[in-house]
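Counting along the sequence shown from 1, when you hit position 98 you're at 98 in the UniProt record's numbering, and nothing is skipped either side.
Glycine is no exception: its CB is placed at the ideal position from the N, C-alpha and C atoms.
On a predicted model such as this, the values are computed, not experimentally measured, just so you know.
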Amino acid sequence: MLLNNQKFIYELLYIIIILLMIKIMIYNQYMDYKQIANLLAHQKHQLGMSEAYIGKTAHVSQPTVHRILSGLHDRAAWNDIVAIGKVLGVSFSALVVPAEDQIEARAEKIAKSIARKVEATSQLEGQGLSDRGQERLSRQTVHELIAGPRGKLWQA
Numbered sequence: 001m002l003l004n005n006q007k008f009i010y011e012l013l014y015i016i017i018i019l020l021m022i023k024i025m026i027y028n029q030y031m032d033y034k035q036i037a038n039l040l041a042h043q044k045h046q047l048g049m050s051e052a053y054i055g056k057t058a059h060v061s062q063p064t065v066h067r068i069l070s071g072l073h074d075r076a077a078w079n080d081i082v083a084i085g086k087v088l089g090v091s092f093s094a095l096v097v098p099a100e101d102q103i104e105a106r107a108e109k110i111a112k113s114i115a116r117k118v119e120a121t122s123q124l125e126g127q128g129l130s131d132r133g134q135e136r137l138s139r140q141t142v143h144e145l146i147a148g149p150r151g152k153l154w155q156a
């Protein structure tokens, strides 16, 4: 219980620090709102995420996501911008996790889930996969997911 409370406090402090950094950057004109919107929109495009997925994951309405990413929402709540940025892998210290790294990580997560389901089904049928077979299936699935439409990676 104590560990969960500490984690929550650290996450809360992290969000507060990010919010302060964003306000300072904009105040000092390092980055204006339009630049932030363009950065987020570019990352969304690179990842192939839908606005619906971003909104659902960030707990922000899809119309608000659209207004923020289009740069038309000049009074957007900072917590909405940070939440959207977090989903897109954008740290507002102006560092962006490369889209390709995020795509590969997401594909690996999906592939591992699929491999576990296949293994469970195979065991039920009395035909378990070897460790090597599971790894091969996982690698093949990752390659197929990366080669396919990127939007499918982000469907919930």
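| field | Own chain partners of N38 with C-beta closer than 6 Å, once the 5 adjacent residues on each side are dropped | value | none
| message | Can you list, in chain order, the residues of its chain with a C-beta nearer than 8 Å to that of T141? Leave out the 5 residues immediately preceding and following it. | response | A107, I110, A111, I114 and A115
| query | Within this structure, are the beta carbons of T57 and V87 separated by less than 7 Å? | reply | yes
| query | Can you tell me the Cα-Cα spacing of G85 and Q102, whole angstroms? | reply | 13 Å
| message | Using only the alpha-carbon positions, how far apart do I81 and I9 sit? | response | 20 Å
| request: State the CB to CB distance for the pair Q155 and A99, rounded to an integer number of angstroms; the pair is presumed to be in contact (CB under 8 Å). | output: That belief does not hold up - the Cβ atoms of Q155 and A99 are roughly 17 Å apart, past 8 Å.
| Residue closest to E11, alpha-carbon to alpha-carbon, out of A83, K152, P149 and K117 | A83
| request: Please confirm whether I68 and A76 have their CB atoms less than 7 Å apart. | output: yes
| Cα-Cα separation, G71 to Q62 | 14 Å
| Should E51 go down as buried or exposed, given a rule of 16 or more other Cβ atoms within 10 Å for buried? | buried
| said: What does the alpha-carbon distance come out to for the pair L13 and T121? | reply: 44 Å
| query | With distances taken from CA atoms, which of N5, Q6 and Y33 is nearest F92? | reply | Y33
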